[in-house]
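K.L.:
Numbering (this note's numbering), first residue to last: 380 to 551. I'd like to ask you about the structure that follows.
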């Protein structure tokens, strides 16, 4: 997902690429394609999932430098919305809080999604997500059913977080 703040306080998604199962059979090719797309769009910063990024994220940093590659890891039960760990070069993200903010931002039109014809192939990744109360954690949690995808939702979340951090650090 590529986007930016082209209007004050509104993040606009301008490009989404979801790789099919066939395309993702070669993870190195996926990373090379992501590098091409980021280069084409001249992105200022890139948000990546830390979880399985031990190969992909260093490849992105090799092309764009670690100053422009922000790694995120969802955590549960932290009071902090975002917390940077310089030793791991990663942001810990309060998953529940960030996802709540995301859906509220969509509802309040602070995130502009592409037009329906462009977004239609990806909309299920947002509508597959549900919220429920966890008595164990004593808070709401977000999930999706096995077999249902939510990757595009998280890529939009990471793109917006990256924009938020980039703007706050560089004053755009």
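We treat Cβ as the ideally placed atom computed from N, Cα and C, and that holds for glycine. Bear in mind the structure is a predicted one, so any value in this text is a computation, not a measurement.
Enumerate in chain order the residues of its own chain whose CB-to-CB distance from residue 529 is below 7 Å, with the five nearest sequence positions on each side excluded.
P.N.:
To locate residue 529, count along the chain shown from 1; it is residue 150. 504, 507, 508, 523.
K.L.:
Residue 451 and residue 540: beta carbons closer than 8 Å?
P.N.:
Mapped onto the chain shown, residue 451 falls at position 72. Mapped onto the chain shown, residue 540 falls at position 161. Yes.
K.L.:
Rounding to the nearest angstrom, what Cα-Cα distance links residue 499 and residue 472 in this structure?
P.N.:
Here the question's residue 499 lines up with position 120 in the chain shown. Here the question's residue 472 lines up with position 93 in the chain shown. Their backbone Cα atoms lie some 28 Å apart in a straight line.
K.L.:
Could you tell me which residues DSSP puts in a beta bridge with residue 382?
P.N.:
Taking the first residue of the chain shown as 1, we reach residue 382 at position 3. Its beta-bridge partners are 392.
K.L.:
Do you know how far the Cα of residue 490 is from the Cα of residue 501?
P.N.:
Reading the chain shown from its first residue, position 122 is the one you call residue 501. Reading the chain shown from its first residue, position 111 is the one you call residue 490. Each residue's Cα considered, the two are about 15 Å apart.
K.L.:
Under 6 Å Cβ to Cβ from residue 437, same chain only, skipping five residues before and after it: list those, please.
P.N.:
Stepping through the chain shown from its first residue, residue 437 is reached at position 58. Around residue 437: no qualifying Cβ.
K.L.:
Just to confirm, are residue 425 and residue 443 a CB contact at a threshold of 8 Å?
P.N.:
What you label residue 425 is simply residue 46 of the chain shown in a count that begins at 1. What you label residue 443 is simply residue 64 of the chain shown in a count that begins at 1. Contact flag set, yes.
K.L.:
Beta strand (DSSP E) containing residue 470: first to last residue?
P.N.:
Counting from one through the chain shown, the residue named residue 470 turns up at place 91. Unbroken beta strand (DSSP E) run through residue 470: 469 to 473.
K.L.:
How many Å lie between residue 477 and residue 427 at the Cα?
P.N.:
Within the chain shown, numbered from 1, the residue matching residue 477 stands at position 98. Within the chain shown, numbered from 1, the residue matching residue 427 stands at position 48. The straight-line gap from Cα to Cα measures roughly 15 Å.
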